[in-house]
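Take 7 as the starting number for the sequence shown in my numbering and just add one per residue. We put the beta carbon where it would ideally sit given N, CA and C, even for glycine. What follows is a single structure, written as structure tokens, with notes after it.
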Amino acid sequence: MKSLHPKIFQVFFVLAFAAVAWKVFFVVFGSSAMGYGNNWDFIRQSSCTGIWIQYEGKEKFDGNHESFVKSFVNDGERRKDLCLRSTGNSFVHLAALTTRLGSPLDIRYVSAIKILAIFAMAIFLLKRNLLPTRWLLSIAFLLVFSDFYNLLYVNTLYLEFQVLMLAFFSVGVLLSINSHERFSGPRWWLLFMASIVALGLAKQQYMPLACFLAVLGAAVYHFQYRKWKFATSLLGLAVLLPFIYTEYSNISAKNNSGISYANKTNTFMWTVLPEAQDKKQALKILNLPERCEQAIGFNWYATEISIRDVCPEIAHVSRAKLLPLFATDPGTFWRPFVKGMRELYPFYPENLGYQEKGAVVDAATLALAQQTSTSYMLKRFHDWNPHSSLWGFIAVFAAAPLLLLAALRSPHPAVSNALLCAGIGGVMACYSILSSIFGDGYVEVEKHSVAFSTGMAFFFTGILVLLPVALGQNRK
7 MKSLHPKIFQ VFFVLAFAAV AWKVFFVVFG SSAMGYGNNW DFIRQSSCTG
57 IWIQYEGKEK FDGNHESFVK SFVNDGERRK DLCLRSTGNS FVHLAALTTR
107 LGSPLDIRYV SAIKILAIFA MAIFLLKRNL LPTRWLLSIA FLLVFSDFYN
157 LLYVNTLYLE FQVLMLAFFS VGVLLSINSH ERFSGPRWWL LFMASIVALG
207 LAKQQYMPLA CFLAVLGAAV YHFQYRKWKF ATSLLGLAVL LPFIYTEYSN
257 ISAKNNSGIS YANKTNTFMW TVLPEAQDKK QALKILNLPE RCEQAIGFNW
307 YATEISIRDV CPEIAHVSRA KLLPLFATDP GTFWRPFVKG MRELYPFYPE
357 NLGYQEKGAV VDAATLALAQ QTSTSYMLKR FHDWNPHSSL WGFIAVFAAA
407 PLLLLAALRS PHPAVSNALL CAGIGGVMAC YSILSSIFGD GYVEVEKHSV
457 AFSTGMAFFF TGILVLLPVA LGQNRK
């Protein structure tokens, strides 16, 4: 396997880390540092940590879509009724503990903690693994964390970057476990359990993805090593994690429960039901009264109609009821899916500014940072042929389960790991877009589907490494 030679890897490792470090410095810490504007969601994290954004001429509770703001303050105010707990808040909590009450805070102080954490995670995984797994992890690290649009989440209180961090680490630990029996012992099992819990408690949308990884980890322990105790514990964690999240997150608090109401309105009324051929029958399948028909086509933010007055029952509809609706009227699944895929581009929320007011950024450097990103390349693929790109992504989604099955059956660890990496990536990308469309409708699909490009990065990494390791096995 000359293409996986250690010396070649060392050169690639240095170049990959240098590329990520340059992107991080330019986007996060440079003189013209950048980050997405606040769409109001910061309030949920600030209410937990006491770290609040400082606006010129605005209240700290206000949103600021148009530009990036790096000035924050540790004013200590915590609002239990607005707090949405998350393991992703741990970096902000640490910043709050290490600054004086009432003192100003540059968001880049919090960002430095995040960046140190992600580099520490990567070095930990790369230092301990075998060469084929090092290739997988280093390529994935480069594709995910040199992405300009992913890095724009670092200088914010949004939870998206923490989701990407924890997803990368969880997948990295699972690939390590799958690579060799020496990584299948209690220490790595505990590390994987901890990473799954951290990912599952980071953001509600991606909690089911953590459950999926736990089930996949159980399959690896059972089929690769016959360690049924470790496998059973991971299955138990997958079952318990949704209940743990509900108890931990404060999602049931009065103000936070409105999030679910809004998301269901956007999903059912704005996204799914407009595509139903027989809307009255669709309402009947969802156990909604006929008067709800007048709310179809409107989202939570509509001013023409009050969803709470017209169809309050929408707050209590389970998304599980979508399955019989999809079965009887497939268009209610397919058409929102196709429209949602179109909403993905250009892979970042265009409604949010990401530069400070009055900031001057070198255009050539900015273009280089953007055009060497995974998200940008995926967008170029779409722009080249939108129809082909749609079917290409669908092919990836369809292939993912087959790749995972092949990974569990392969007798060659390096081949198995490359297949596992690609399969996980396909599932992650597919889940990201489906959970966005059928979780909050067409609202900020680019933001909610943040793990789509990361999933595709894992998929391409696995396919890229699969060829040389498979050829190497055939020569033996």
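Who does residue i pair with in a DSSP beta bridge?
i           : result
residue 318 : In the DSSP output, where bridge partners are listed per residue, residue 318 has none listed.
residue 161 : In DSSP, residue 161 forms no bridge with anything.
residue 110 : 79
residue 58  : 79
According to DSSP, simplified to helix, strand and coil, what is residue i?
i           : result
residue 7   : Low local confidence applies: a pLDDT of 45 at residue 7 is under 50, so the model's placement there is unreliable, and no value is given.
residue 141 : helix
residue 446 : helix
residue 269 : helix
residue 256 : coil
residue 45  : coil
residue 70  : strand
residue 309 : coil
residue 129 : helix
residue 295 : coil
residue 361 : coil
residue 302 : coil
residue 274 : helix
residue 353 : coil
residue 441 : helix
residue 63  : coil
residue 120 : helix
residue 85  : coil
residue 324 : coil
residue 36  : coil
residue 245 : helix
residue 136 : coil
Span of the beta strand (DSSP E) holding residue i?
i          : result
residue 12 : Here residue 12 belongs to no beta strand (DSSP E); instead the alpha helix (DSSP H) covers 12–30.
Under 8 angstroms Cβ to Cβ from residue i, same chain only, skipping five residues before and after it: list those, please.
i           : result
residue 486 : The structure shown does not extend to residue 486, since the chain spans only 7 to 482, so no value can be given for it.
residue 366 : 38
residue 371 : 32
residue 197 : 179
Locate the alpha helix (DSSP H) running through residue i, then write down its first and last residues.
i           : result
residue 339 : 337–349
residue 152 : Counting along the chain, residue 152 falls outside any alpha helix (DSSP H), and DSSP gives it neither H nor E.
residue 185 : 166–185
residue 334 : 328–334
residue 389 : 380–390
residue 195 : 192–206
residue 282 : Careful: residue 282 lies outside any alpha helix (DSSP H) and carries neither H nor E.
residue 228 : 213–231
residue 418 : Taken as a continuous stretch (DSSP letters only), residue 418 belongs to no alpha helix (DSSP H), as it is neither H nor E.
residue 93  : Neither: residue 93 is in no alpha helix (DSSP H) and is coded neither H nor E.
residue 375 : 369–377
residue 453 : 451–454
For residue i, which residues of its own chain have a beta-carbon under 7 angstroms away from its beta-carbon, when the five flanking residues on both sides are left out?
i           : result
residue 140 : 15 and 132
residue 339 : 332
residue 283 : 335 and 337
residue 98  : 51, 55, 57, 116 and 163
residue 225 : 414
residue 236 : 195 and 227
For residue i, collect the residues of the same chain with a Cβ closer than 6 angstroms to its Cβ; drop the 5 residues on either side in sequence, then sort them by chain order.
i           : result
residue 26  : 151 and 152
residue 149 : 380 and 463
residue 19  : 144
residue 8   : Residue confidence for residue 8 is low, a pLDDT of 49 falling below 50, so the modelled location carries little weight; the figure read from the coordinates is stated next. Once the five neighbours on either side are set aside, residue 8 has no close Cβ partner at all.
residue 154 : 375, 376 and 379
- Would you check if there are 3 or more beta carbon pairs closer than 8 angstroms linking the region 35–42 to the region 150–165? yes
- Stretch pair the region 77–90 + the region 48–62: three plus CB contacts closer than 8 angstroms: The region 77–90 makes contact with the region 48–62, as at least three CB pairs between them are under 8 angstroms.
- Count the C-beta pairs between the region 454–471 and the region 289–308 that are closer than 8 angstroms, then say yes if the count reaches three, no if not. Contact between the region 454–471 and the region 289–308 is absent, because fewer than three Cβ pairs lie under 8 angstroms.
- Inter-stretch contact at 8 angstroms, needing at least 3 Cβ pairs: the region 214–222 / the region 428–444: With a cut-off of 8 angstroms, the region 428–444 and the region 214–222 count as touching, because enough Cβ pairs lie within range.
- Message: Whether or not the region 201–208 and the region 407–416 are in contact is what I'm after, with contact meaning three or more pairs of Cβ atoms, one per stretch, closer than 8 angstroms; do they touch?
- Response: no
- Would you call the region 346–354 and the region 120–129 in contact, with 3 or more CB pairs under 8 angstroms? Output reads no: the region 120–129 does not touch the region 346–354.
- Item | contact_flag[the region 355–365, the region 67–84] where n(CB pairs < 8 angstroms) is 3 or more | yes
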